[in-house]
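J.: Residues -31 to -1, 1 to 300 in mature numbering (1 follows the signal peptide of the UniProt record, and there is no 0) are what the sequence shown lists, from first letter to last.
Where a beta carbon is used, it is the ideal one built from N, C-alpha and C, also for glycine.
The structure that follows is given in the form of structure tokens.
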Amino acid sequence: MTFGTRLTRRGALSFLAAGVAAPLLPASAQAARLETLALFGPPAGPSVTLAHAVASGGFSGVAGEAIFTAWRNPDELRAGLTSGKIGLSVVPVQAAANLYNRGFPIRLANVMTNGLLYVISEDKSVSAVADLKGHSIAVPFRGDTPEIIFAQLLAHNGLEPGKDLEITYAGTPIEAMQLLLSGRVETALTAEPSTTAGILRGRKAGKPVSRVIDLQKAWGEMTGAAAVVPQAGLAVTQGFMDASGDLLPDILSVLQTATSEVLQNPAEAAKEATEALGLPAPLLAASIPHCNLVARPANEARNDIERMLNAMAGEGMKRIGGKLPDDGFYL
């Protein structure tokens, strides 16, 4: 799983049809402490932070019990948000922005990764986007965050798909990685933890696969800014804000501490997250150092977020609901 979730106009409207849209106003009366704090996220790097915070008892001052549940696909996430079952979840930033602009009551509390995207290959002659000329590459999630960012980088380097390089589109980063290992392509665009999975599987098969391009660095070079692609963060629904919004500062403080702990001890954090995420602990432990995990307040990350959203918004900014999110989106 990665953060390439696409929330289409139809998908966004389905939220509104469920009658859950509401103005984003501050909560007036909220409980001092929850009986149960439920957190959600995909089986990927930022969710390791949530799983660790739960397992380590980090939320003991916030709730009597804290639980983390991994959602497996965008439909599951949409259903949870619509029903109100999901109030706090790691969500792709582009998807959250799209929902917000289409009227769904969701806000971004923080950014939990500064980018998870890499190009992997056995070919050591490839070390920059320009080096992909004449090569074949598997690219996942056509029309979503990874592919859109990659397309921007190709255009910046004067490369035209079909002319300068051959692209095979894959459904997921795992599929892209498998196309590489099967020899059907020479390179693959992947996202953690599938990047690490490709390297480890390649090693077992005697294939010296490695990360040859860090797309975060390439993005920074293109934009002249930091090597940051703020792909996902903790999103909060209005339902949670109304019920327990006064607890958010404490929750975010716990996540800041948990992020530092995960980075300091990836092996332990991986053991704590393996069951919840359904991924092997050794894979998670090896992946964590490459997940660029952070706990940046959303308003502090706004410039980086807007830089990314502007690049991937598309004609008429349709991919993000027609405009950049306003101040209300940033909690």
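Among the residues of its own chain, which have a CB less than 6 Å from the CB of Ala187, if the five just before and after it don't count?
T.: Along the sequence shown, read from residue 1 onward, the residue named residue 187 stands at position 218. Contacts found: Val98 and Leu122.
J.: Just curious, the alpha helix (DSSP H) that Arg271 is in, first and last residue?
T.: Position 302 of the sequence shown holds residue 271. Judged by DSSP secondary structure, Arg271 falls within the alpha helix (DSSP H) whose first and last residues are Arg271 to Met281.
J.: Write down the C-beta distance between Gly49 and Trp40 rounded to the nearest angstrom, noting that I regard them as a contact closer than 8 Å.
T.: Position 80 of the sequence shown, counted from the first residue, corresponds to residue 49. Position 71 of the sequence shown, counted from the first residue, corresponds to residue 40. Confirmed, about 6 Å.
J.: Per DSSP, Glu144 is paired with what?
T.: Indexing the sequence shown from 1 puts residue 144 at position 175. In the DSSP output, where bridge partners are listed per residue, Glu144 has none listed.
J.: Using 8 Å as the Cβ pair cut-off and three pairs as the minimum, do the stretch 228 to 240 and the stretch 141 to 161 touch?
T.: no
J.: For Asp295, count neighbouring Cβ atoms within 10 angstroms of its own Cβ and tell me buried if that reaches 16, exposed if not.
T.: As a position in the sequence shown, residue 295 is number 326, starting the count at 1. Exposed, by the Cβ-count rule.
J.: Is the beta carbon of Pro115 closer than 8 Å to that of Ala160?
T.: In the sequence shown, the residue the question calls residue 160 occupies position 191. In the sequence shown, the residue the question calls residue 115 occupies position 146. A contact, by the Cβ cut-off of 8 Å.
J.: To the nearest angstrom, report how far apart Met147 and Gly167 are at their CA atoms.
T.: Your numbering for residue 147 matches position 178 in the sequence shown. Your numbering for residue 167 matches position 198 in the sequence shown. The question names Met, yet the displayed sequence has Gln at residue 147. Cα-Cα distance, rounded: 8 Å.
J.: Closer than 7 Å by C-beta to Ala270: which residues in its own chain qualify, once you throw out the five before and the five after it? Chain order, please.
T.: Translated into the one-based positions of the sequence shown, residue 270 becomes position 301. Once the five neighbours on either side are set aside, the close Cβ partners of Ala270 are Val80 and Pro199.
J.: Please classify Gln63: is it buried, with 16 or more other beta-carbons within 10 angstroms of its beta-carbon, or exposed?
T.: The sequence position of residue 63 within the sequence shown is 94, counting from 1. The residue is buried, with at least 16 neighbouring Cβ atoms inside 10 Å.
J.: Starting from Tyr87, trace the beta strand (DSSP E) both ways and give me its first and last residue.
T.: The residue labelled residue 87 in the question sits at position 118 within the sequence shown. Here the beta strand (DSSP E) through Tyr87 covers Leu86 to Ser90.
J.: So, for His259: in the same chain, excluding its five sequence neighbours on each side, which residues have a beta-carbon less than 6 Å away from its beta-carbon?
T.: Locating residue 259 in the sequence shown gives position 290, counting from the first residue. If the five residues before and after His259 are omitted, its C-beta is found closer than 6 Å to the C-beta atoms of Glu161, all from its own chain and listed in chain order.
J.: So what's Glu129 in DSSP terms, helix, strand or just coil?
T.: Translated into the one-based positions of the sequence shown, residue 129 becomes position 160. Glu129: coil per DSSP, three-state reduction.
J.: For Glu135, tell me which candidate among Leu101, Phe28, His125 and Ser52 has the shortest Cα-Cα distance.
T.: The sequence position of residue 135 within the sequence shown is 166, counting from 1. Nearest option by C-alpha distance: Leu101.
J.: Residues in the same chain with beta-carbon distance under 8 Å from Val231, minus the five sequence neighbours each way, listed in chain order, please.
T.: Residue mapping note: residue 231 aligns to position 262 of the sequence shown, counting from 1. Here the set comprises Val17, Thr18, His21, Ala238, Ile257 and Leu262.
J.: Should Gly171 go down as buried or exposed, given a rule of 16 or more other Cβ atoms within 10 Å for buried?
T.: Residue 171 sits at position 202 when you count from the first residue of the sequence shown. Buried: at least 16 other Cβ atoms inside 10 Å.
J.: What does the Cβ neighbour count give for Arg(-22), buried or exposed, with the cut at 16 atoms within 10 Å?
T.: The residue given as residue -22 occupies position 10 in the sequence shown. Since pLDDT at Arg(-22) reaches only 47, below the 50 mark, its modelled position is unreliable, and the value read off the structure follows with that caveat. That one is exposed.
J.: Can you name the start and end residues of the beta strand (DSSP E) that Glu45 belongs to?
T.: Counting from one through the sequence shown, the residue named residue 45 turns up at place 76. Counting along the chain, Glu45 falls outside any beta strand (DSSP E), though it belongs to the alpha helix (DSSP H) covering Pro43 to Ser52.
J.: From the DSSP output, in three-state form, read off Arg180 for me.
T.: Reading the sequence shown from its first residue, position 211 is the one you call residue 180. DSSP places Arg180 in strand when its eight states are reduced to three.
J.: Flag this pair as touching only if the stretch 66 to 76 and the stretch 221 to 235 have three or more C-beta atom pairs under 8 Å; answer yes or no.
T.: no
J.: If you follow the beta strand (DSSP E) that Leu262 is part of, which residue opens it and which one closes it?
T.: What you label residue 262 is simply residue 293 of the sequence shown in a count that begins at 1. Counting along the chain, the beta strand (DSSP E) containing Leu262 begins and ends at Leu262 to Pro266.
J.: What are the boundary residues of the beta strand (DSSP E) that Leu3 is part of?
T.: Position 34 of the sequence shown, counting from 1, holds the residue named residue 3. Per DSSP, Leu3 belongs to the beta strand (DSSP E) from Leu3 to Gly10.
J.: DSSP on Phe209, reduced to helix/strand/coil?
T.: Locating residue 209 in the sequence shown gives position 240, counting from the first residue. Helix at Phe209.
J.: Taking contact to mean at least 3 C-beta pairs separated by less than 8 Å, is the stretch 204 to 211 in contact with the stretch 43 to 58?
T.: yes
J.: Can you give the Cα-Cα distance for Tyr299 and Arg288, rounded to whole angstroms?
T.: Counting from 1 along the sequence shown, the entry for residue 299 is found at position 330. Counting from 1 along the sequence shown, the entry for residue 288 is found at position 319. Cα to Cα, Tyr299 sits roughly 18 Å from Arg288.
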